[in-house]
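So the structure is just underneath, and the comments pick up after that.
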Ligand SMILES: [Zn+2]
Ligand SMILES: [Zn+2]
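Spelled out as structure tokens, the structure:
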């Protein structure tokens, strides 16, 4: 280890870890100043801290109750189902112009519905919901595309047709979920 911040200058008295009281240490948490051994120290962006302080900081950030998280995700589900139905039907040009703003708006409304409280796993679950709703909202288009590919006569370029039908859906799912994630994170 090249850097060793928080090491107090040598004291006359021996000091011990607050948790492991038999382990001698001079390292102190830079937030609550308790002594901590290397096992208890967590390296953060702002220096070494004890585990308790790190957990407290995380809890402060992820404060959404279970109910708020469910409401937030319900908003994501409902709105992205609507967006997933409308936007891919406006072709690629619609997706390029609308999918990101739609995702930002969905994320913002979901955040407001939870009184701006964040949940630890909400952004990741939201990605899954946006992709799932894009599939649900376009299930008939996807089904038709698959049927077409299976029954297409020889000489018909199936790839072009599939790209035309499915690319707007896939691109919408990608852009919209990225925007929702960015807003909720
Ligand atoms: Zn601490
Ligand atoms: Zn310790």
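Numbering (the numbering used here), first residue to last: 5 to 189.
Glycine included, each C-beta is placed from N, C-alpha and C at the ideal position.
Please read these numbers as outputs of a predicted model, since none were measured by experiment.
*Take residue 21 and list the residues in its own chain whose beta-carbon comes closer than 7 Å to its own, dropping the five residues that flank it on each side.*
27, 29, 39, 40, 41, 44
_Three-state secondary structure (DSSP) of residue 57_ = For residue 57, the three-state secondary structure derived from DSSP is helix.
*Give a yes or no on whether the C-beta atoms belonging to residue 163 and residue 111 are separated by under 9 Å.*
no
*Roughly how far, in whole angstroms, is the beta-carbon of residue 86 from the beta-carbon of residue 102, given that I think they are within contact range, below 8 Å?*
The Cβ separation is near 12 Å, so there is no contact.
*Grab me the residues of residue 5's own chain with a C-beta within less than 6 Å of its C-beta, minus the 5 sequence neighbours each way, in chain order.*
Because residue 5 sits at a pLDDT of 45, beneath the cut-off of 50, its placement in the model cannot be relied upon, and the following sentence gives the value as read from the coordinates. There are no such residues.
*Three-state secondary structure (DSSP) at residue 37?*
coil
*In terms of residues, what are the limits of the beta strand (DSSP E) holding residue 78?*
That residue, residue 78, is in no beta strand (DSSP E); its alpha helix (DSSP H) goes 70 to 90.
_What I want to know is whether the C-beta of residue 30 ends up closer than 8 Å to one or more non-hydrogen atoms of ligand 1._
no
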